[in-house]
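Colleague:
Numbering (the numbering used here), first residue to last: 386 to 740.
(1) Just to confirm, are residue 530 and residue 707 a CB contact at a threshold of 8 Å?
(2) Is the CB-CB distance between residue 425 and residue 462 below 8 Å?
(3) What are the start and end residues of each continuous beta strand (DSSP E) run of 3 or more residues lying completely inside the segment 581-661, in chain order?
(4) Just to confirm before moving on: does the CB-CB distance between residue 526 and residue 512 stay below 8 Å?
(5) Kindly indicate which three-state DSSP category residue 391 falls into: helix, strand or coil?
(6) How would you write the range of the beta strand (DSSP E) that residue 743 sits in, first residue to last?
(7) May I have the straight-line CA-CA distance separating residue 563 from residue 460, to the nearest angstrom?
(8) For residue 498, which three-state DSSP category applies?
(9) Out of 398, 419, 440 and 431, state which residue places its alpha-carbon closest to the alpha-carbon of residue 413.
(10) Smallest Cα separation from residue 736: which of 573, 566, 576 and 560?
(11) With distances taken from CA atoms, which of 433, 450, 428 and 699 is nearest residue 742?
(12) Ordered along the chain, which non-local residues of its own chain (more than five positions away) have a Cβ less than 7 Å from that of residue 443?
(13) Could you give the C-beta distance for residue 552 and residue 648, rounded to a whole number, given that I count them as a contact under 8 Å?
(14) Compare the C-alpha of residue 632 against each of 534, 510 and 568 and name the closest.
(15) Report yes if the C-beta distance between residue 598 and residue 428 is below 8 Å; otherwise report no.
(16) What residue range is occupied by the uninterrupted alpha helix (DSSP H) comprising residue 721?
(17) Just to confirm, are residue 589 and residue 740 a CB contact at a threshold of 8 Å?
(18) Take residue 580 as the anchor and find which of 510, 619 and 722 has the nearest alpha-carbon.
(19) Cα separation between residue 565 and residue 638?
Written as C-alpha cells, this is what we have:
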C-alpha cells in the first residue's frame, strides 16, 4: 500500500449513529483522516484528538490497535453519544479494505416459492455460491416453508437436540444447515425466515459479531416502524423487552460471498416445541413447559398483523433503504439445488454427521 490514495468507509452503529471516515494512505501509513457522522460528541475537540491519534499509524493496523489509540485520545469527561472508539476503528478498517455498503449494490428480491426443508438448505448454498462466482447479484430471499422442520446447526448433535420419535410422529423433517448456531423449530405459517446472499466486501473490516448486527440492521428499522422496541443482542439474537423474537446464523461460502440467514417467530406452539426439541426441555425443566412461551415473544402477539403483512413491511423497508428488483431462482440454480439435495443435504451422512 503506497502512494496517496483517497479511501472512504461507512459504518452504521447498531442502535446508534452513522460513522464516516475519509482518509489517505501514504507509504503504508494513514497520512490524513477525517471522522464525520450524525453522532453527538462533547467537547468538539474530541474528534480532532481522535484523528490526530491515528494519523501516522500503519494503515493495516488491526481493530484492537486502532481502538486502543482512539480510546487513549478521548479527553477525560468527554461524551460520545451514538458511537464509540470501537466504531471508529471499524470504520477505518472498512475504508482501508474498500468495504462496500448496502446501497452500493443492486439487490434482487426472491420471495418463495414454498420449498421442502431439505431444498431450503441446498438453496442457501447454491445462491451464496452464485453470488460469490458473480453469476448472481446480491439477493434477499424470503423463505416459504412447504412443511414443518427442525433445522439444526452445522455442528450440533442430532440426538442431543431432537426427539426423533416425536419429530417423526408430528411430521417434522430434521435437516442440517451449513451455518452454525442452534436448532430452529419451524411450523410453516409460524416462522418468518430470510437470507441475504452478499459479496464479502459488504462486511470487510468488521468482526463476525459486528457483521451479524450490521446485516440485520434493516430488520430493526422495519420492526421499529411496526412499533416494536427491537434490539440486537450479541451474538445473534433479535429481541424486545417482551422476549426473544428471532436469531441469525452466518457462513462464508464460495469465492467471496457471505450467507446470512435469520428466523423470527411469527407465532409459536411452545408445547409442541418442547416435545420435539430436547434442548427446549432442558432450558425450562425447572420452570415448567409454560415458560417456553415466555422465552419467545412472537411478532403476532406484538403486532396483531398477519404474517404476510409483516413480510410485506420487511420487504418495503429494505426497498426504501437500499432498493430491490424482483428476481427468481433460475432453472440452472434449481437443478443445482436438486443435485445438492441428492448428494449432500438429503443424505443420512450429512444430517447425522454429528450423531
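C-beta: ideal position from N, C-alpha, C; glycine also.
Just so it is clear, the structure is predicted and the values come from calculations on it, not from any experiment.
Modeller: So, from the data block:
(1) The Cβ atoms of residue 530 and residue 707 lie no closer than 8 Å to each other.
(2) no
(3) 616-618, 622-625, 628-638 and 642-650
(4) yes
(5) strand
(6) Nothing about residue 743 can be read from this structure; the chain reaches only from 386 to 740.
(7) 46 Å
(8) Collapsing the DSSP output to three states places residue 498 in a strand.
(9) When the alpha-carbon of residue 413 is set against those of 398, 419, 440 and 431, the nearest one is in 440.
(10) 560
(11) There is no way to answer for residue 742, as the model of the chain reaches only from 386 to 740.
(12) The residues are 413 and 414.
(13) Not quite, the Cβ-Cβ distance comes to about 17 Å (not below 8 Å), so this is no contact.
(14) 568
(15) no
(16) 716-725
(17) The answer is no: Cβ separation not under 8 Å.
(18) 510
(19) 13 Å
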